[in-house]
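First residue of the sequence shown? That's 1 in the UniProt record's numbering, and the numbers climb one at a time after it.
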Amino acid sequence: TLPEVKTVIQYRLFFIFFPFFASKPQTGLVHRTHMSSCRVDKPSEIVDVGDKVWVKLIGKEMKDDKLKLSLSMKVVNQGTGKDLDPNNVSLDQDERKKRTFRDYTSQKITLEAVLNTVCKKCGCKGHFAKECFMQPGGTKYSLIPEEEEEVAAAAREREKKSSLAEEPSKKRKK
């Protein structure tokens, strides 16, 4: 809808009220978030009762058999009455900002594809030498081993230790 000039009839803590005549007399309201692109704490900072301002109808809602009209002042140039948001793009952006953010931090992140290779430059698993991130003399980084790999590596270490312990005793017997 096109912007219209309306007269402020009342304001409260967060709203400005305007008369609005469609098929029957209605009262439209502007929430403080739609009064200006800047933060507004009180409507009295911007308007007084009886002031004429440009407003644009941005929403209609039926609640308890009453039609509620939402108006906006910030999408209309208050000097000329020009619609600053003819396609309602900024209104859609404001709605997206109001949506709640989902917290995904508790979900476990898993890597599905890991290169089954060992770097010739640093000796770490999971990348090639041409993609190596290690500087000479720098810190070595490697992928965190899977639980199965850790168990297998621990078993191999135990086998090595036990075989090394048995070899000297065999030599002494000869």
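Backbone N, C-alpha and C fix where the C-beta goes; we use that ideal spot for every residue, glycine too.
- About 22 Å separates the CB atoms of residue 75 and residue 48; that is not less than 8 Å, and the two are not in contact.
- Spanning the alpha carbons of residue 32 and residue 58 requires a straight line of approximately 14 Å.
- Put simply, of 81, 121, 45 the residue whose alpha carbon is nearest the alpha carbon of residue 11 is 45.
- DSSP, reduced to helix, strand and coil, places residue 68 within a strand of the structure shown.
- Within the same chain, 68 come within 8 Å of residue 62 by CB-CB distance, once the 5 residues on both sides are set aside.
- The bridge partners DSSP lists for residue 19 are 27.
- Close CB contacts of residue 157 within its chain, under the 8 Å cut and outside five residues either way in sequence, are absent.
- In this structure, residue 2 lies away from residue 17, with their beta-carbon atoms at least 7 Å apart.
- Counting only the Cα atoms, residue 6 lies some 5 Å from residue 52.
- Membership of residue 131 in any alpha helix (DSSP H) is not indicated, and neither H nor E is assigned to it by DSSP.
- Looking at the DSSP output, residue 35 sits in no beta bridge, so it has no partner there.
- In the DSSP assignment, the residues bridged to residue 7 are 52.
- Listed in chain order, the non-local C-beta contacts of residue 72 below 6 Å within the same chain comprise 34, 56, 58, local neighbours out to five positions each way being set aside.
- In this structure residue 119 touches residue 128 by the C-beta definition: roughly 6 Å separates them, less than 8 Å.
- In the DSSP secondary-structure assignment, residue 75 is not bridged to any residue.
- For residue 39, the closest of 19, 14, 84, 50 by C-alpha to C-alpha distance is 14.
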